[in-house]
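Participant: Protein chains in written order, with our numbering: chain A, 189 to 510; chain B, 74 to 400. Here a beta-carbon is modelled for each residue, glycine too, at the ideal position from N, C-alpha and C.
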Amino acid sequence: MTALALRLKQNGQLPVLIAAACTVVLLLVGSLYSRNFLSADYLLLQLQIASFLGIVATGAMLVILLGGIDLSVPWTVTVGGVMSAAAAGWWGATGEWLAIPFGIACGAALGLVNGIGVAWLRVPSMIFTLGINAVAQGLIVVQTGGFAPQDRATPAMHLIATGRSLLGIPNALLVWLAVGLATMFLLHRTTLGRAIYGVGNRERAAYLSGIATRRVVVLCFTLAGACSAMAGVLLTGYSTKAYQAMGDAYLLPAIAAVVLGGTHILGGRGSYLGTVVGAMLITLLQSILSVMQIPEMGRQVTYGVVIVAMLLVYGRGRRLSD
Amino acid sequence: MRRDWLYHFREFRGAYAAGAMFVVIFAVYIAKHQTGWAVPVLTTAANKGVLLAIVAMAQTLPVLTSGIDLSVGMVFVLANCLASHVVVGTPLQAAAGCVAVLATGALCGFVNGAIIVWGRLQPIVTTIATGTVYYGIALGLRPVPGGDVHAGLADALTGALPGGVPAMLVVLVGVVVVVWLPFRRSVVGRAALAIGSSEAAAYMSGVDIGRTKLVTYTLAGLLAAIAGLLLTFVTYSGEASSASGGVYTLNSIAAVVIGGTSLAGGAGSAIGSIFGALVLRTIGDLLFVFDLEPLWQPLFQGVILLVAVSLGALQLLKVTDRLEIFR
Numbered sequence: 189m190t191a192l193a194l195r196l197k198q199n200g201q202l203p204v205l206i207a208a209a210c211t212v213v214l215l216l217v218g219s220l221y222s223r224n225f226l227s228a229d230y231l232l233l234q235l236q237i238a239s240f241l242g243i244v245a246t247g248a249m250l251v252i253l254l255g256g257i258d259l260s261v262p263w264t265v266t267v268g269g270v271m272s273a274a275a276a277g278w279w280g281a282t283g284e285w286l287a288i289p290f291g292i293a294c295g296a297a298l299g300l301v302n303g304i305g306v307a308w309l310r311v312p313s314m315i316f317t318l319g320i321n322a323v324a325q326g327l328i329v330v331q332t333g334g335f336a337p338q339d340r341a342t343p344a345m346h347l348i349a350t351g352r353s354l355l356g357i358p359n360a361l362l363v364w365l366a367v368g369l370a371t372m373f374l375l376h377r378t379t380l381g382r383a384i385y386g387v388g389n390r391e392r393a394a395y396l397s398g399i400a401t402r403r404v405v406v407l408c409f410t411l412a413g414a415c416s417a418m419a420g421v422l423l424t425g426y427s428t429k430a431y432q433a434m435g436d437a438y439l440l441p442a443i444a445a446v447v448l449g450g451t452h453i454l455g456g457r458g459s460y461l462g463t464v465v466g467a468m469l470i471t472l473l474q475s476i477l478s479v480m481q482i483p484e485m486g487r488q489v490t491y492g493v494v495i496v497a498m499l500l501v502y503g504r505g506r507r508l509s510d
Numbered sequence: 074m075r076r077d078w079l080y081h082f083r084e085f086r087g088a089y090a091a092g093a094m095f096v097v098i099f100a101v102y103i104a105k106h107q108t109g110w111a112v113p114v115l116t117t118a119a120n121k122g123v124l125l126a127i128v129a130m131a132q133t134l135p136v137l138t139s140g141i142d143l144s145v146g147m148v149f150v151l152a153n154c155l156a157s158h159v160v161v162g163t164p165l166q167a168a169a170g171c172v173a174v175l176a177t178g179a180l181c182g183f184v185n186g187a188i189i190v191w192g193r194l195q196p197i198v199t200t201i202a203t204g205t206v207y208y209g210i211a212l213g214l215r216p217v218p219g220g221d222v223h224a225g226l227a228d229a230l231t232g233a234l235p236g237g238v239p240a241m242l243v244v245l246v247g248v249v250v251v252v253w254l255p256f257r258r259s260v261v262g263r264a265a266l267a268i269g270s271s272e273a274a275a276y277m278s279g280v281d282i283g284r285t286k287l288v289t290y291t292l293a294g295l296l297a298a299i300a301g302l303l304l305t306f307v308t309y310s311g312e313a314s315s316a317s318g319g320v321y322t323l324n325s326i327a328a329v330v331i332g333g334t335s336l337a338g339g340a341g342s343a344i345g346s347i348f349g350a351l352v353l354r355t356i357g358d359l360l361f362v363f364d365l366e367p368l369w370q371p372l373f374q375g376v377i378l379l380v381a382v383s384l385g386a387l388q389l390l391k392v393t394d395r396l397e398i399f400r
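#1: Alpha helix (DSSP H) containing threonine 410 of chain A: first to last residue?
#2: Can you tell me whether glycine 186 of chain B sits near the ligand FAD, meaning its C-beta is under 6 angstroms from at least one heavy atom of the ligand?
#3: Go to isoleucine 98 of chain B, then tell me how far its alpha helix (DSSP H) extends in each direction, as first and last residue.
#4: Taking only beta-carbon positions, decide if proline 196 of chain B is within less than 7 angstroms of chain A.
#5: Here's the rule I'm using: 16 or more other beta-carbon atoms within 10 Å means buried, otherwise exposed. How should glycine 492 of chain A be labelled?
#6: Please state whether DSSP places proline 239 of chain B in a helix, a strand or coil.
#7: Along the segment 305-324 of chain A, what residues have a CB closer than 9 angstroms to any CB found in chain B?
#8: For the alpha helix (DSSP H) holding tryptophan 364 of chain A, just list the boundary residues, first then last.
#9: Using beta carbons (cut-off 7 angstroms, strictly below), is glycine 192 of chain B in contact with chain A?
#10: What is the DSSP secondary structure of glycine 219 of chain B, reduced to helix, strand or coil?
#11: What residues of chain B sit near arginine 382 of chain A, judged by a beta carbon separation below 7 angstroms?
#12: Once the 5 residues before and after proline 216 of chain B are set aside, which same chain residues still bring their CB inside 8 angstroms of it?
#13: Residues in the segment 302-329 of chain B with C-beta within 7 angstroms of chain A's C-beta atoms, listed in sequence order?
#14: For the alpha helix (DSSP H) containing tryptophan 285 of chain A, list its first residue and its last residue.
#15: If you reduce the DSSP assignment to three classes, tell me which class glycine 311 of chain B lands in.
#16: Based on Cα-Cα distance, which residue from B/Leu396, B/Ala340, B/Thr393, B/Ala328 lies nearest to glycine 92 of chain B?
#17: In the segment 463-489 of chain A, which residues sit with their C-beta less than 9 angstroms from some C-beta in chain B, listed in chain order?
#18: Taking Cβ positions only, does valine 330 of chain A come closer than 7 angstroms to chain B?
#19: DSSP has arginine 340 of chain A in a bridge; who is on the other side?
#20: Is leucine 440 of chain A close to chain B, meaning its C-beta is less than 7 angstroms from at least one C-beta of that chain?
#21: Hey, how far is the Cα of arginine 506 of chain A from the Cα of leucine 134 of chain B?
#22: Does alanine 340 of chain B come out as helix, strand or coil in the three-state DSSP assignment?
#23: Mind listing which residues of the segment 382-407 of chain A have their C-beta closer than 7 angstroms to chain B's C-betas, in chain order?
#24: For serine 478 of chain A, which residues from the same chain have a beta carbon less than 8 angstroms from its beta carbon, with the 5 sequence-adjacent residues on both sides left out?
#25: Can you say whether glutamine 481 of chain A is buried or exposed, counting buried as having 16 or more other CB atoms within 10 angstroms of its CB?
#26: Return yes when the Cβ of cysteine 171 of chain B is within less than 7 angstroms of the Cβ of valine 435 of chain B, no when it is not.
#27: Kindly indicate which residue of B/Glu84, B/Gln107, B/Gly192 has the alpha-carbon position closest to the one of alanine 497 of chain A.
#28: Find out if the Cβ-Cβ distance for the pair alanine 296 of chain A, glycine 413 of chain A is shorter than 7 angstroms.
#29: Between A/Ala360, A/Leu362, A/Ser260, A/Arg403, which has its C-alpha nearest threonine 379 of chain A's C-alpha?
#30: Does the contact criterion of 3 or more C-beta pairs under 8 angstroms hold for the segment 105-123 of chain B versus the segment 239-259 of chain B?
#31: Select from A/Val387, A/Val405, A/Gly280 the residue whose C-alpha is nearest the C-alpha of threonine 397 of chain A.
#32: Who pairs with leucine 354 of chain A in a beta bridge, going by DSSP?
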């Protein structure tokens, strides 16, 4: 038993397992409250909602693996939503087709700027992405306030966010599945993936090993921007409308999901499976707290306490004396 | 002696640059302002600027140890909500209330420090989570905005002294003298900088890492609570606004960076952060006096923030060994 635990600890899967166990416990606790928690309908709905967070967390994880952090998530999500809806309004019938890729491309462009600032200008990611977040907010305010673009979601956006085209599985979940599989392939089956872990462990060593570390950083930030914008597109489809500050509720939960999934906040270690479990855990926790009709105050406090408590169980750092 | 001066200047050139930037921007602001240099204008500016300045000081302390406190904004909001309940009644009661508010803030900071030191969790994640908890408590204290505050105290602190000096500025100087300077000159302050430079080396040199971090985070909580208390005096009410908490946290980080403190830790000062905060605040007001269309203001503010934090990139021009830019 201890040998198994040790092996899990060594290959970094222990946090994933504990987080998964916590998810199951949460479900059981919820089912004591109401039988509905174990129904397929409820679970599918939760998975659908978790997909939005999961896609944002995917981008957040890529950046965290590098040892950075992306604080531009809130307004990049909004940019994705607002610009895709606007594209549909500008270009009529062609816009319907272009809307989704255009929204994602706008997010990727913001991510690209993030990457350039962090990789070439060497500004710490925490502060540069903060600046980009402010710029993105300014752009959206000018854009929506000055030009009053269309904010209605196109039918296609609506379909991928809320439809259930295949065997009753939510399309949003399928999108997350596709993004997730691509990320797992990227991280574990390509040299780029190895390079990401390398840069996260020690950029100087990675550079000396011949990795074009700056290109890796730029690429990760670009992908992260694209992921945030994609979540924005889905959210717009889900709520049928793009609106300002729609991404505000995603920054901290995304980071929490990544960290609860066992990814080290300083980079270099972590598995995508953990992020998946983390996103489900956070979504479920939020859902159960709201179903139990605990007042907002209790929800916030429980949410924070649960995150700290879980991390104290398996996320602790080493002693300095080690 | 001259050597000392040069060293001092080099060590704090970020703070001096922020100070100079502030003087220039503020001069432009006053020149363009309709009323110009007048006591009410100065008092309003001071009331807004000092709040962020003290939150930025709070942020500086953990950053010096190469940590970060993402809960400062929430402690600020919590202190605001608590103060709107307890800083009322007779002067004696109000004074006791102030002490209670500051103690609560210090306790919040201590909890952060305890989790980071004894729980061995990363500061960034810890303070995100505890920030949520503090916000929840603030929401419990003030589900809807409201409350009251001791009017005499509020008027005295948000007005101007007989000489025309805004009282808030005096408070700011007081906080620097009572909290920052003793900290900076103490063993703990030295130790905090040492930890920021290299935690392992500090440990090997016998620095008490745990105690230093506990003091640092506790003081950060205390400073954030001071700012929250002052906010109550400015607004005469308490409001549990997560948006306001978030904005203060993020702006405090920006102010720290503009003030010349390295996010990697080990170098910088709270004085720089104060000027960083005043620069940020004045830029916002500047757009206002220049009659910029309100629609474009957030964009300009964002661009200026981005440029200000990117100024550090100029140091890259000095790098001769390319390996130096990769850590």
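Facilitator: From the atom records:
#1: 401-427
#2: Summarising the ligand content, the structure contains no ligands, and the ligand FAD is consequently not present.
#3: 86-105
#4: no
#5: buried
#6: strand
#7: Gly305, Trp308, Leu309, Arg310, Val311, Pro312, Met314, Ile315, Phe316, Leu318, Gly319, Ile320, Asn321, Ala322, Val323, Ala324
#8: 359-377
#9: yes
#10: strand
#11: Within 7 angstroms Cβ-Cβ: nothing; arginine 382 of chain A doesn't reach chain B, min ~17 angstroms.
#12: Ala313
#13: Leu323, Ile326, Ala327
#14: 280-307
#15: strand
#16: B/Ala328
#17: Pro483, Glu484, Met485, Gly486, Arg487, Gln488, Val489
#18: yes
#19: A/Lys429
#20: yes
#21: 23 angstroms
#22: coil
#23: Glu391, Arg392, Tyr395, Thr401
#24: Arg487
#25: exposed
#26: Coverage of chain B is limited to positions 74 through 400, which leaves residue 435 of chain B absent and any answer about it impossible.
#27: B/Gly192
#28: yes
#29: A/Arg403
#30: yes
#31: The question names threonine, but residue 397 of chain A is serine in the sequence shown. When only C-alpha atoms are compared, the closest one is A/Val387.
#32: A/Ile357
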